[in-house]
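Worksheet: the structure to be examined is printed underneath.
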Amino acid sequence: MKVICTEKSQILGTSLARALKTPVVEVKYSRFPDGEQYLITGELDDETIIVGSVVDNDALVQLLLIIDACDSSENRLVIPYMGYARQDKRFRQGEPVSARAIALALSRGVSEIITVNIHETEVLRYFGVPARNISLAHNIGSYIKTLHLDNPLILAPDEGALVFARHVASAGGWEFDNLEKNRLSGVEVQMAPKQLCAASRSVVIVDDIISTGGTIATASGMLYRQGAKDVFAVCVHGVLTGGAYVRLMAAGIRDVICSDTIEQGCSKISAASQIANAIKEQGP
Ligand code: R5P
């Protein structure tokens, strides 16, 4: 077994190879004069674990090219972050189900797919091969322990992320809740924990994705006004688009932490061991 990864997943890919005690295949990348991508891999094995996050369109094409170059039905694909997964339905007539289009394109040429905290597990049924999802909730909980916070409140930004927050909180036996929006007037909306009080507490907002940071930046301002001692933001997928990191720090967030499913400067949690366990469970 060998591991091969796209450029944007090279740190997680090599960490995974190390966790599996298996070699990582080198890939040489270049472009044709018109900008089209070209790559050539080093020596492959009968079974290759292909690792690539769909962080942008170039990364998607690179992943498709690697799957094709590996060319063995024994190969398995790990998609640590699956971009386009949020468009998992046709919300309006005329829209594509983008998650399905991407899932089908990535299924050709692999025998199994592993995703990490995919935005909606319903998307797994769109793949043309068996697919399973693993969660980094426990890893995030373990990371929060290292912050040595006194009785932290683990907070989901909305009800949809409450189960995730519960799983994170279970790592330390902490209290958890979700933020609720209350409309105070035609123009004023307040966000506060649904049941618990944030006053004098360290609050850790946890979510699957931080994209623009808008949700958490707004929440953090309100939590500070409610007397929170400090607010941290931890997520699996740090998309951090449009200056999100700066926006969050400017909003008073003490620290922004994400995993390496998207490789960022604030990727302090690795998905490698969880993915390695999932691969070993299935066996060669
Ligand atoms: C949405 O359903 C996701 O779970 C995140 O809450 C969302 O993507 C965060 O977006 P943003 O960082 O742009 O507020």
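In this text, residue positions in the sequence shown follow this note's numbering: the first is 834, and each later residue adds one. Positions of the beta carbon are idealized from the N, C-alpha and C atoms, including for glycine.
Reduced DSSP category for residue i - H, G, I as helix; E, B as strand; rest coil
i, result
"Glu-992", "helix"
"Phe-960", "coil"
"Met-1024", "strand"
"Met-1055", "helix"
"Phe-997", "helix"
"Ser-1033", "coil"
"Leu-877", "coil"
"Cys-838", "strand"
"Ala-938", "helix"
"Ile-951", "coil"
"Gly-974", "helix"
Candidates the options: closest to residue i by CA position
i, options, result
"Glu-840", "Thr-874, Glu-869, Gly-927, Ala-892", "Ala-892"
"Ser-1035", "Lys-1101, Val-1064, Ile-883", "Val-1064"
"Gly-837", "Leu-845, Val-858, Leu-969", "One point to set straight first is that residue 837 is Ile, not Gly, in the sequence displayed. Minimum Cα distance to Ile-837 is reached at Val-858."
"Lys-861", "Glu-869, Thr-874, Thr-847", "Thr-874"
"Asp-901", "Tyr-914, Arg-923, Asp-921, Leu-877", "Leu-877"
"Asn-972", "Ala-1105, Gln-1115, Lys-835, Glu-1114", "Ala-1105"
"Glu-992", "Ile-967, Lys-1027, Lys-978", "Lys-1027"
"Trp-887", "Arg-864, Ala-918, Glu-880, Phe-865", "What sits at residue 887 in the sequence shown is Val, not Trp. The residue with the shortest Cα to Cα distance from Val-887 is Ala-918."
"Arg-1080", "Ala-1061, Gly-1054, Gly-1060, Glu-1096", "Gly-1054"
Contact test: residue i Cβ vs ligand 1 heavy atom, cutoff 7 Å
i, result
"Ala-1066", "no"
"Ile-1049", "yes"
"Ile-1038", "no"
"Gly-993", "yes"
"Gly-1054", "no"
"Gly-1071", "no"
"Pro-963", "no"
"Asp-1041", "yes"
"Ala-1077", "yes"
Expected contact under 8 Å - CB spacing of residue i and residue j to nearest Å
i, j, result
"Ile-1042", "His-1070", "5 Å"
"Ile-1108", "Val-949", "7 Å"
"Leu-939", "Leu-910", "6 Å"
"Pro-913", "Leu-853", "Their Cβ separation, rounded to whole angstroms, is 15 Å, which puts Pro-913 and Leu-853 out of contact at 8 Å."
is_contact[residue i, chain B] using C-beta, thresh 8 Å
i, result
"Val-1072", "The displayed structure is made up of one protein chain only, and chain B is not part of it."
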